[in-house]
Amino acid sequence: MRDAPILLTPGPLTTTARTRQAMLMDWGSWDADFNTTTASVCEQLLGIVQASASHCCVPLQGSGTFAVEAAIATLVPREGKVLVLINGAYGERLAKICQVLGRRFTPVRSDEVRPTCAAEVDRLLADDPTLTHVALIHCETSTGILNPLVDIAEVVAAHGRGLIIDAMSSFGALPIDARQVRFEALIAASGKCLEGVPGMGFVLAEKHALSAAAGNAQSLVLDLHDQYQYLARTGQWRFTPPTHVVAALHAALEQYQQEGGLAARHARYQENCRILLEGMATLGLRSFLPSACQAPIIVTFHAPRDARFQFKDFYERVKAKGFILYPGKLTEVETFRVGCIGAVGPTQMHAAVDAVAQALRDMHVVDI
Ligand SMILES: *Cc1c(COP(=O)(O)O)cnc(C)c1O
């Protein structure tokens, strides 16, 4: 069998053999062993952001977006109103979720190359006392930009509103401390920086906010209050859990702790990102974001100007050398993206840059 390609994408991403191995067994969803695994996973997820005292972990079946939608549906009352901070496609998705759920919202759009501005959030909250919540993307994966979570959380707390953070692509890799950053909900998933497989989202919900949220959700499966009540009462998931995904996440978390937790994961991704940026720069490939707001998660590169560069062709050539890249998500400029996350290190990142160099040479791309 030929080796599986390395995924340099923002999820699903490359996992270790040990994580995949953990899925080679079947579990009964009612069985005590599986319930212990669920409890251990939830406890560890809270621990990663020091939220065990203040928040509950509510796991949810599905991809990350299911958990984002569940958080908004459950925690924003029907008469609530959300300030949605947008500087990319995932921010747009937050607005779409509010719209579909019928929650009132104010979208604030800012440039894709600039982090959301905390002072502007301050002004908007002061101007509109009917805003009950603020929704923010921590790392906007559509470009790789890092938004100033600490500053924004401070402003939101000062105004006494609830903060909902989509930390999907940052959780476990970029530091967040719930004792300093006040939030009502923080959302992430199994298949990103924790290096599990996709299939489970989770919401770290502030205890009082969650217990006050009964009846808000107009969906049965996305009702996190109900999901949590059932879990707390029985130790089991309400509805069939993604057993193999939970087992893989449990194994991935074991390796996460052994690697050295958040600090070690952060350092490895930062090094991956540095090797990528430097290597691509030597090929003449320019990154889209200013380095000051570039998160070490995924990097957007300008596509070469050369007419001989076609992304599809480039993608196939790089894939043949063992690496899966990601298309750009910007409408204005031609770009492509390369992830720094997953069970990869310096060796893979250097090899990926070599594969890109070789592909460009083979395509006779000179005008970069
Ligand atoms: C990956 C991601 C999501 C969730 O996407 P799914 O396709 O539903 O898993 C949400 N927000 C951000 C910022 C992401 O990177």
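Take 1 as the starting number for the sequence shown in the UniProt record's numbering and just add one per residue. We put the CB at the ideal spot given by N, CA and C, even for glycine.
For the 8 Å CB-CB criterion, L125 and R103 do not form a contact. Burial is judged here by how many other beta carbons sit within 10 angstroms of a residue's own beta carbon; V366 has fewer than 16 and is exposed. Shown here for I97: same chain residues with a beta carbon closer than 6 Å to its own, the five before and five after excluded, namely E69, I72 in chain order.
In the three-state scheme derived from DSSP, where H, G and I count as helix and E and B as strand, A189 is classed as strand. Two segments are said to touch when three or more pairs of C-beta atoms, one from each, lie closer than 8 Å; by this definition the stretch 175-188 does not touch the stretch 18-25. If you check the CB distance, L146 and L83 do not come in under 8 Å. The three-state secondary structure of Q294, taken from DSSP, is strand. Inclusion of G201 and A248 in the CB contact set at 8 Å is not warranted, their separation being larger than that value.
Within 7 Å of the C-beta of V68 there is at least one heavy atom belonging to ligand 1. Around the Cβ of G260, a 10 Å sphere holds fewer than 16 other Cβ atoms; the residue is exposed.
Remark: the C-beta of M168 is in contact range of ligand 1, defined as less than 7 Å to any heavy atom.
Assignment of beta-bridge partners to K81 by DSSP yields R104.
Cβ neighbours of A209 within its own chain (closer than 8 Å, five residues either side excluded): L75, G162, E184, A185.
Taking the Cα of Q294 as reference, the smallest distance to any Cα among L285, R274, P304, M280 is reached at R274.
The criterion of a C-beta distance shorter than 8 Å is not satisfied by P296 and P12. Between the stretch 323-338 and the stretch 231-246, the count of C-beta pairs closer than 8 Å stays below three; the two stretches do not touch.
For L163, the enclosing beta strand (DSSP E) has its first and last residue at 162-166. Ranked by how close their Cα comes to the Cα of R109, the residues Q99, A89, K207 have A89 in first place.
By the neighbour-count criterion, in which 16 or more other beta carbons inside 10 Å mark a residue as buried, G345 falls on the exposed side.
With a threshold of 7 Å, the Cβ atom of S211 does not count as near ligand 1, since no heavy atom of the ligand is closer than that.
A Cβ-Cβ contact shorter than 8 Å links Y228 with V58.
In this structure, the beta-carbon distance from H55 to A212 does not fall below 8 Å. Partner residues in the beta bridge of A135, as assigned by DSSP, are V84, I164.
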